[in-house]
Amino acid sequence: MPPARQPNQSAPTTVSPTGVGHEGPKDGRDPRAQAGDALTTPNGVRIPDSDHSLKAGPRGPVLLEDFHLREKIMHFDHERIPERVVHARGAGAHGVFTANGAAAKVTRAAVLAEKGLETPVFVRFSTVLGSRGSADTVRDTRGFATKFYTKEGTWDLVGNNMPVFFIQDAIKFPDIIHAGKPHPDREIPQAQSAHDTFWDFVTLHTEATHHTIWNMSDRGIPRSYRTMEGFGVHTFRLVNADRETCLVKFHWKPRLGVHSLTWEEAQIAAGVDPDFHRRDLYDAIEAGAFPEWDLGIQVFPDTPEETFEGIDLLDPTKIVPEELAPVQVIGTMVLTGNPTNFFAETEQVAFHTGHLVPGIEGTNDPLLQGRNFSYLDTQLTRLGGPNFTQIPINRPHAPVNDNTRDGFHQHGIHTGQAPYTPNSVDAGSPFPSDWSEGGYVNVPRAVSGEVGRSAPASFDDHFSQPAMFYASLTSVEQQHVADAYTFELGKCYEQSIKERALTVLAKIDADLCARVAAGLGLPAPSPEPVEHGESPALRQIKPEPFPIEGRIVGVVAGPGADLKGIAKLREALEAEGALLRVIAPHGGQLVDGSDVEIVERTFATGRSIEFDAIVVADGAPKDGDFRALVMLQEAFRHLKAVGAWGDGVEVLQAAGVDVEAPGVLTGEKSDKTLATGLIAALGMHRAWERTPLVSASLV
Ligand code: HDE
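To convert, count from 1 in the sequence shown and add 38; that's the numbering used here.
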């Protein structure tokens, strides 16, 4: 028998060479990675010159004894690690999650249950298909992965910005990804779903229809990571202190609302600023406009059928409409810190659906169960071995005392002689913990069934929810969906794939099918409507305004512009957390007596896509510079608020902007009325009522 643990007996713990142990620095950063001011080799030897190789005379040859040269080049040669096979392109941030206590009834996990408990988090947002260097604004699903460094161990919620997935069984994941990635012969197109193999797959595997229509909606081109919802997608099982269970779906609700780019903006941004979302997240956090999300759960009884109102909770291609099961807020996450080092943190962070803490369990969703294998396995190639939880960003903030040993990149200097349990050599340590001691004890569940490669009959319904999704959207959003299908299918070469896609659309909505068919120049197949409900909660265009923190207003100015008016507008915007940037024909400063404005964008470096609204100042140049005019035309076409004060109106008119159109704000002066109007317009994201005036150019 191993000796029993005594109350204050200290267990042998893992010690890392940095001295911080497995517990890790609280913010995931290791201040001791580098120390001192002197330039050294990786071995800490001070060196006088890192620019010239050691040579025999100034003309060489280079000497083999130059250990500094060899170390420097050797390390450089191995700086790259394999990019993620999916979700390679991303951006991360540190923050805090605070539970509001509402989940105490349903889970024992302190991170969710303990009112007021603050848990550090690291979040990584990503696109799915593109390579590490691809553009941020492509049409794609976005990853939304959160690592909670809880006091009971690390919990990862590895979600997306869409609540459903393409496939119902993990075994098909390599297939859908092969179909979405660039063609293997030419390796094009990069970060695009608008090509034959993607559409071939999703029309042959019609379980993908629901996720595909979400991709074709505005959700596929978010305005910002800060304005995306997040979803756990799968159903999870929560366990409370009395070991009662319920089933839940996780939702992240952004405080700023859900907003998207227009398709034209997304395309321009992909060229003009491929880092659009990464920059937006970084800049917002630097500016103190900390992004915030409420975490909510939809709660369902844990019945043997694992269904709710007839919806199969194990089917990851289905949602439960919020009208049937409201999202109950259980806490809030705020992102307050940018990474110190992109590689060390954002690149090396390793999420895993199997990183669970007591009180949170998975379910039999076959997609989730496959993921539980994949996320561990993939790190072996990506991070080079099994010790990736010792990398600072991945270190748990709970004490670690495991019996794993050795392996590549082992940082721990383990003490003790008996890395096995039970033992009598190391005084029995480490000791197992049961449920009452905070151990992860799975809820007992009966399992039975015949072995076979099959799926439940309910998994065969592929169309009722995509039809519900489309029917629930506003007419503007529906038009965007039709435009997106028309664009993507229009990029396919194979006629049969386009025709097959139309037969799928005929089951979703006859009008959608007809619009896309017309755009492709093909006959629309006969409608085959399926029964479906409606869920207005799915709309992202809402009648109420949202906060405008981190929104950016560009002011077109130049020498002689009304600098006092600009300052006044900035003051009003900053009071709401928004930013103002001056755009002028040249860089430097604009000066008028004691008034000075720094020019942050010139007509050469600025483009409409980085502004949520553009206003022309009184006194701005009237020379018809086409770059300023294009900026205003684009902003108008993209339904953004545009405006002018004083003679700035002439510039608007020169750009062909209809000053009577919705969302166009003009005034004599930069006064309170102009500022209030602008703030209200920004809160609505876009002047949707302007759509009919510009729709031809959006198609
Ligand atoms: Fe992933 N997924 N996935 N996925 N996934 C990865 O893990 C995988 C799925 C998601 O920022 C990989 O560490 C399989 C659904 C995000 O680091 C890999 C299946 C959802 C991220 C992997 C899925 C996701 C990943 C690649 C089908 C939303 C980025 C690198 C069963 C709920 C995490 C890595 C980050 C990353 C496998 C399906 C979200 C290969 C096999 C469904 C946000 O393990």
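We put the beta carbon where it would ideally sit given N, CA and C, even for glycine.
Hey, is Ile335 close to ligand 1, as in C-beta under 8 Å from one of its heavy atoms? no
Local Cβ density within 10 Å of Ser513, reported as buried at 16 or more and exposed below that: Exposed.
Using CA coordinates, which residue listed in Thr391, Thr419, Ala616 is at the minimum distance from Pro406? Strictly speaking, residue 406 in this sequence is Leu, with Pro absent from that position. Checked all of Thr391, Thr419, Ala616; the closest Cα to Leu406 is Thr391.
Use the C-beta contact count for Gln578: other C-beta atoms within 10 angstroms, 16 or more gives buried, fewer gives exposed. buried
Along the beta strand (DSSP E) that carries Ile636, what are the first and last residues, could you check? 633-636
State the start and end residues of the unbroken beta strand (DSSP E) segment that holds Asn198. 191-198
Helix, strand or coil at Glu61 according to DSSP, with G and I counted as helix: Confidence at Glu61 is low in this model, with a pLDDT of 39, below 50, so the placement of that residue is unreliable and no value is reported for it.
Endpoints, the beta strand (DSSP E) within which Pro158 is located: 156-165
Using alpha carbons as the reference points, say which of Ala495, Leu617, Val134 lies closest to Lys606. Leu617
Gln228 (DSSP reduced to helix, strand or coil): coil
Among Lys536, Pro563, Arg538, which has the Cα closest to the Cα of Asp549? Pro563
Taking 8 Å as the cut-off, does the segment 176-191 touch the segment 263-275 (at least 3 CB pairs, one atom from each stretch)? Touching, yes.
With DSSP collapsed to three states, give me the class of Val372. strand
From the DSSP secondary-structure annotation, give me the bridge partner or partners of Lys291. BP columns for Lys291 point to Asp332.
Counting along the chain, where does the beta strand (DSSP E) carrying Gln503 start and finish? Here Gln503 belongs to no beta strand (DSSP E); instead the alpha helix (DSSP H) covers 502-510.
Under the rule that 16 or more other beta-carbon atoms within 10 Å means buried, what is Glu347, buried or exposed? exposed
Coarse secondary structure for Arg420, derived from DSSP in three states: helix
Looking only at its own chain, which residues have a Cβ that is under 6 Å from the Cβ of Ile306, when we skip the five neighbours before and after it? Same-chain partners within the cutoff: Ile647.
Boundaries (first-last residue) of the beta strand (DSSP E) holding Phe186: 180-188
Reducing DSSP to helix, strand and coil, say where Glu399 ends up. It is a strand residue.
Within this structure, are the beta carbons of Lys189 and His435 separated by less than 9 Å? yes
What do you get for His624, buried or exposed, if any count of 16 or more other CB atoms within 10 angstroms of its CB means buried? exposed
Assign Glu612 to one of two classes, buried (16 or more other C-beta atoms within 10 Å of its C-beta) or exposed (fewer than that). exposed
For Asp762, which beta-bridge partners are listed by DSSP? There is simply no residue 762 to check, as the chain begins at 39 and stops at 737 in what is shown.
C-beta atoms of Leu703 and Gly369 nearer than 9 Å: No, Cβ-Cβ distance for Leu703 and Gly369 is not below 9 Å.
Boundaries of the alpha helix (DSSP H) in which Leu107 is found, first to last residue: 105-115
Under 8 Å: do the segment 365-380 and the segment 418-426 share three or more Cβ pairs, one atom per stretch? no
Reference Leu670, options Lys287, Gly631, Val654, closest by Cα: Val654
Roughly how many whole angstroms lie between the Cα atoms of Gly592 and Lys602? 16 Å
So Ala208 packs on Phe236, CB below 8 Å; how close in whole Å? Rounded, the Cβ-Cβ distance is 19 Å, inconsistent with contact.
Residue of Ser733, Leu92, Ala327, Asp340 minimising C-alpha distance to Gly375: Answer by Cα proximity: Ala327.
By how many angstroms is the C-alpha of Gly168 removed from the C-alpha of Val124? Rounded to whole angstroms, Val124 to Gly168 spans 8 Å at the Cα level.
Is Asn744 buried or exposed, if buried means 16 or more other CB atoms sit within 10 Å of its CB? Within the shown structure, residues of the chain are numbered from 39 to 737, placing residue 744 beyond reach of any answer.
Among Ile215, His518, Glu698, Leu107, nearest to Asp256 - alpha-carbon criterion: His518
Which same chain residues end up closer than 7 Å to Trp726 when comparing Cβ atoms and leaving out the 5 residues on each side of it in sequence? Val514, Ile579, Leu677
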